[in-house]
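Take 448 as the starting number for the sequence shown in the numbering used here and just add one per residue. C-beta: ideal position from N, C-alpha, C; glycine also. Quick caveat, the model's predicted, so the values are computed rather than measured. Step one of this worksheet: look at the structure below.
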Amino acid sequence: MTSHITVRLAWHDDGWNGRVCKEPQKNIHCVGCHSYPGEMIREQRDIEWEKNVAGQKFSSLDRIPACMYSGSAFSDDVSKASAAPPSFFNDDSQPVEWDMPEATACTWPYDVMFNGEGIKKNGKYDNTQRFIHAQAHFDKVECAKSLVFYYANYSNPFTTEEKSQYVLVGISRVKSIGEPRYYLNCSEETKQRYHNGYVWQREVTNCYPEQGIRLPYHLYKDDFETANKFVVVPEQSQVCKYGSRLVSDDEALGLLEQFLNSLRVLKDEIQDTSENWQARIIWLETLISELWVSRGCYPGMTSVLEYLSLHDVIDRYKNLVHQDKEQEAYQSVCDFLNEKTNSLCGQAYDNLDARASRRNALLTAEGESLDFLLTVVARLAVTKEQITNVLNEERQKWGITASLPELTANPYILAEQYQGIDESDTIGWSLVDRGMVPSPDLSVKPFFDLQAEQRMRALLLETIRRSKPHVFVKAEQVLEQINIRLDYLPEWKRVEVKSSYLSIDKTFYQQAITYREEGKIRYLYDRLLAEDESLLRDTFTSLLTRNEIKLKTPITKRNWIDQLKDESSALFKEDQSRDNYIQAINSQADVCIDVFTKPIAILAGGAGTGKSTVATAYINGVKQADGQGAAICVLAPTGKAADRLRTELQDKKITSGVNVCTIHSLLATNYWLNPNMTTKRAGGRSIESYSTIVIDECSMIDTMLFASFVRAVNWHCVTRILLVGDPAQLPPIGYGKVYADFVSYLTENYPNNIAHLTVNLRQMNNRVMDLGTGILDVASLFINQSAKTKSTSSCNVKEAKLDRDELLIKLQDGGRIDKDLRVEYWNENQPISEKLIELVSQDFGKESEAGQATWQRVLKDDVVAFQILSPVRGEEFGTEAINLACQSFKSGNWAQRGTVDGFHVFDKVIQVRNRTKSDPVKAYDFKQRKQVDLQIFNGEIGTLQPRANQYRYLNWKEYTFRDLCGKLVGKEDLSINYFGRTKDSPESNLELAYAISVHKSQGSEFKHVYFVIPKAATNRRLMELLYTGITRANRHCTLLIEGDVSSLIDHARPEKSALEVINSSLFDFNVVPDELLEVTGWYESGKVHKSLIGEMLRSKSEVIVADLLFKHDLQPYYEKPLKGKDDSQYLPDFTIQYQGETYYWEHLGMLVRIPAKLNTSSG
448 MTSHITVRLA WHDDGWNGRV CKEPQKNIHC VGCHSYPGEM IREQRDIEWE
498 KNVAGQKFSS LDRIPACMYS GSAFSDDVSK ASAAPPSFFN DDSQPVEWDM
548 PEATACTWPY DVMFNGEGIK KNGKYDNTQR FIHAQAHFDK VECAKSLVFY
598 YANYSNPFTT EEKSQYVLVG ISRVKSIGEP RYYLNCSEET KQRYHNGYVW
648 QREVTNCYPE QGIRLPYHLY KDDFETANKF VVVPEQSQVC KYGSRLVSDD
698 EALGLLEQFL NSLRVLKDEI QDTSENWQAR IIWLETLISE LWVSRGCYPG
748 MTSVLEYLSL HDVIDRYKNL VHQDKEQEAY QSVCDFLNEK TNSLCGQAYD
798 NLDARASRRN ALLTAEGESL DFLLTVVARL AVTKEQITNV LNEERQKWGI
848 TASLPELTAN PYILAEQYQG IDESDTIGWS LVDRGMVPSP DLSVKPFFDL
898 QAEQRMRALL LETIRRSKPH VFVKAEQVLE QINIRLDYLP EWKRVEVKSS
948 YLSIDKTFYQ QAITYREEGK IRYLYDRLLA EDESLLRDTF TSLLTRNEIK
998 LKTPITKRNW IDQLKDESSA LFKEDQSRDN YIQAINSQAD VCIDVFTKPI
1048 AILAGGAGTG KSTVATAYIN GVKQADGQGA AICVLAPTGK AADRLRTELQ
1098 DKKITSGVNV CTIHSLLATN YWLNPNMTTK RAGGRSIESY STIVIDECSM
1148 IDTMLFASFV RAVNWHCVTR ILLVGDPAQL PPIGYGKVYA DFVSYLTENY
1198 PNNIAHLTVN LRQMNNRVMD LGTGILDVAS LFINQSAKTK STSSCNVKEA
1248 KLDRDELLIK LQDGGRIDKD LRVEYWNENQ PISEKLIELV SQDFGKESEA
1298 GQATWQRVLK DDVVAFQILS PVRGEEFGTE AINLACQSFK SGNWAQRGTV
1348 DGFHVFDKVI QVRNRTKSDP VKAYDFKQRK QVDLQIFNGE IGTLQPRANQ
1398 YRYLNWKEYT FRDLCGKLVG KEDLSINYFG RTKDSPESNL ELAYAISVHK
1448 SQGSEFKHVY FVIPKAATNR RLMELLYTGI TRANRHCTLL IEGDVSSLID
1498 HARPEKSALE VINSSLFDFN VVPDELLEVT GWYESGKVHK SLIGEMLRSK
1548 SEVIVADLLF KHDLQPYYEK PLKGKDDSQY LPDFTIQYQG ETYYWEHLGM
1598 LVRIPAKLNT SSG
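Here is the structure:
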């Protein structure tokens, strides 16, 4: 039972080699909010100096680099480190500097600093106890025996907006642990209060390169697709928290198995030759054998003893294990609890004491529970908290529906069903498998053989679940992934899983996995997800086949027009637009008439089409038809969207009898939510209070949440439900695409139940007010096939193509496209952050006003006056890099006046964690003049400010603000406490918001948007993301496009739709072709794949033409940009090369539109 250690590193672009990065300006991750220590690196980093010394060894520099604690983890040279005393020492303490050996990084166990036992006395931290806990942490590491695992926190190239993840970067044997270090010249008072003024860093030196692995991310930093093949994301992410944590043998084995997988990919698939990977693999396999012996047979036994309250036995049990008497110790516990002996782990009890200890334990677990603990749990490296959750009589709260006898017979069910308190609290297949199929070198027998159906089903299910966002997966692909995974395990754990397993064990597998056969191809679902789709399908079908609603009080078209018409609108006031406006309102009134009597209906429309206006009229119509007391529930998937709806209804004075809340809030109120925020499948209170339900932003709701809502409602009590959304927006983060599928189904089969809002009132208003229509014009380029309502007749296709070509001609030169749209092109020569800062300064600056002053003034007056958007988190054009550049530019001296967790006073921030009724944040309410509990939601934007009672120090330049509060948009009378409790800290709740992702902007609108659009990449599908981002602007949008207009063209191609590459089967069985899922090896922008002509072309007529070309062995290119001498571009339908000549095919009589200046020499 050896303890190992994790060490967090700041990201390094050249492999933590003890040198300055070769291109330091491109390493944007080392200064991220989740770097180590990110705040210090941000403050100390001098990028211009780093560029001057790029690639040089740390030992040759004239000063210590900011990444000193991490950058030498795998170096072959000595280096130096230093630490400056914290300002709260408030004395003449001096920095301390020290030499570090080669292959050394510094770390600190922050978890025990804040959560260790006894570290707080009378509400204050005891720094002596903190030191003792830190010392104990490092004392458990055995030099020359323990392993050190190096990882990067969320600030790494593999973190995406959809998923933040830790990344393992290397492993080695611990060579030595450095001694504690102390700041110099500390006062006696400081020494007393802070235990001699110790530094919160300790050196960990490893044995690399003789023993160890460093994954070569640095060699593939420009080839993300390849790097993604060997990246190691820890399955058990709890070991990668709080800087440094201790790692058990079992946890280490899991990490080693993942490293082994990565190395074999490097050696066999990628065929990387930068190292002798076979030698590293052999070293790893030797380690795995070593750790199995150290792990032993019963790694969960100490947790079992803790659960049984046999605390005094734990140390004796461990001592016996260290003496190689594990089997004896285990048997002793079993015999004692089964009343076979009064001796327990080497200590004999008299009858009275034995009875008391045994009784204590058996009161906690007896019978089936005790059998499960001793037979199963003792083999598994689980925690006491996990045992408590599993043995709880209400274990369904943690996803466990199986009984204890079922769990005892098949422990793999734990991997299939357990859902912990958060995503780090998992019991994965690997963990269970190590307990059920232990090393043959151990004395315990396997619980199952390698081919056992229990083992295979859990592995199949875990693999299927990893296929998000797909609702189902091809069985052939699942088996391929499983066999690759098993092939990377030690030889004695390998087995080849054949398709025959799926047939022979079908009955058993179907308890957790749903089968479907289509065209002689087998597909597999997570059974729960298949049930969710089935529930949605049955419920929607039942509502669609109900009789139309008979109104108690008729509502005439005039009633609807009166509700929809806004006589204060410029469209109504202006003579030239009034007729068109009245016509549009008439169209909206017809929509209301069509859907109002339908038990279920969809209101679909793009940005600016008036969805909110029509939905509000619909709600008011319910009150007119059913009476003012009608019970109405208005729902949204996010708290931010719910707040917006609440405000809109309040503005229209429609509040009586209307409950506005999030879907999660409704479920929680009716006991359908578990403590870990997962939804129950049974046992909640039936929702029967509402006759009308309206759900907004439906495109954001995934299959599981939609099904949970449907499951919770008693539909016999519901008269009508209206689903509102924009089908062109981003697909949900989760499984499936319910709203898009339902839109397609109704459009095809129940056209009277769907209202497509096609008249764009915002565009109309902008024309009348001469504000420009460029935003919506360019957004139309990125409307996916599912969201298009016009037919694909030759006339419509021709019309759309003419409009698009005219728009592209305008876009390609950049500059002002319309009064509401500007295009700026950029490349690597000018960092995008600099360009953004410059543009904002120009757009909002006053005469002779400095840029920094402009930023500070504008954001002080209105924090959402403008918003920068980026489609990605990492890279130089991602939100992290832009945020840090904007923060540095805008903050000025405030960075020195108040910094907490990397946030400065007056920073623009966004809440990234929901703080609901069950976990509210504290805030001071200026109206009530008291502290209140407050709900705030992911996506709310605001500003960090000093505490109210510290505002008087703003002009005192020497004063430092250590506690920061938040003021969020729409909550200006509240000062939110981002201090005090750890869970309330800025780091736990906030991110910088000068630039935010498109996902976080969803549901919001901004007056001015600056949208960064990178070049299209093979693996990027950004069509819906670009549409969503562009339509966040309601007044002006600046598109910052990398390269030239072809970047925009590539993103608009049909195959770049994220929505179209999701396997789903809500109504129709939508399976994505393999070639579209895996484009590596064949994809080239514009090149048509023979088996994908339906997915890559826009109209039926184009499909016919392409099919004919393929039949004549001609390879067509679709809409391949054709450049002229002046760099202007045109998009002919097809470009064909034949016998050395290039031909252009326009099939709707449009060849004449190719301008002569393009100077086409052939075709």
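Can residue i and residue j be called in contact, C-beta distance under 8 Å?
i, j, result
"residue 1613", "residue 1489", "Look at the range of the chain in this structure, 448 to 1610, and you will see that residue 1613 is not part of it."
"residue 686", "residue 453", "yes"
"residue 1485", "residue 1271", "yes"
"residue 1109", "residue 1085", "yes"
"residue 1452", "residue 1424", "no"
"residue 984", "residue 1514", "yes"
"residue 1184", "residue 1504", "no"
"residue 657", "residue 625", "no"
"residue 700", "residue 742", "yes"
"residue 1585", "residue 1569", "no"
If you draw a straight line from the alpha carbon of residue i to that of residue j, how long is it in whole angstroms?
i, j, result
"residue 1267", "residue 1208", "15 Å"
"residue 750", "residue 834", "8 Å"
"residue 1325", "residue 1459", "8 Å"
"residue 1444", "residue 1483", "18 Å"
"residue 1431", "residue 1377", "18 Å"
"residue 521", "residue 1160", "57 Å"
"residue 1239", "residue 1553", "Low confidence applies here, because residue 1239 scores a pLDDT of 45, under 50, leaving its location unreliable; read the following figure in that light. The alpha-carbon atoms of residue 1239 and residue 1553 are separated by roughly 16 Å."
"residue 688", "residue 1019", "59 Å"
"residue 802", "residue 613", "48 Å"
"residue 1361", "residue 767", "47 Å"
"residue 1316", "residue 1157", "34 Å"
"residue 732", "residue 455", "24 Å"
"residue 1224", "residue 1255", "10 Å"
"residue 566", "residue 905", "42 Å"
"residue 622", "residue 1144", "55 Å"
"residue 824", "residue 527", "47 Å"
Excluding five sequence neighbours on each side, which residues of the same chain lie with their C-beta closer than 7 Å to the C-beta of residue i?
i, result
"residue 943", "930"
"residue 926", "944 and 946"
"residue 1353", "1341, 1390, 1391 and 1392"
"residue 458", "474, 476, 477, 482, 599, 602 and 603"
"residue 1593", "1579 and 1580"
"residue 1210", "1055, 1220 and 1223"
Opposite residue i in the DSSP bridges: which residues?
i, result
"residue 476", "In the DSSP output, where bridge partners are listed per residue, residue 476 has none listed."
"residue 570", "DSSP, once it has assigned bridges, lists no residue as partnering residue 570."
"residue 1437", "1358"
"residue 1453", "1480"
"residue 1163", "Its beta-bridge partners do not exist; DSSP assigns none."
"residue 1350", "1347"
"residue 1412", "1392 and 1424"
Please report the Cβ distance between residue i and residue j, rounded to the nearest whole angstrom; I am assuming they are in contact, meaning their Cβ atoms lie under 8 Å.
i, j, result
"residue 1357", "residue 1193", "Not a contact, Cβ separation roughly 35 Å."
"residue 888", "residue 739", "6 Å"
"residue 821", "residue 781", "5 Å"
"residue 1382", "residue 1363", "6 Å"
"residue 956", "residue 878", "With 8 Å as the limit, residue 956 and residue 878 do not qualify as a contact, their Cβ atoms being about 21 Å apart."
"residue 828", "residue 695", "6 Å"
"residue 1032", "residue 1045", "Going by Cβ atoms, the distance from residue 1032 to residue 1045 rounds to 21 Å, so no, they are not a contact pair."
Consider the C-beta atom of residue i and the heavy atoms of the ligand ADP; say whether any pair is separated by less than 7 Å.
i, result
"residue 644", "Ligands displayed in this structure: none; no statement on the ligand ADP is therefore possible."
Apart from the five residues just before and just after residue i, which ones in its own chain have a Cβ nearer than 8 Å to its Cβ?
i, result
"residue 728", "707, 710, 711 and 714"
Tell me which residues share the same chain as residue i and place their Cβ nearer than 6 Å to its Cβ, disregarding the 5 neighbours each side in the sequence.
i, result
"residue 846", "864, 865 and 866"
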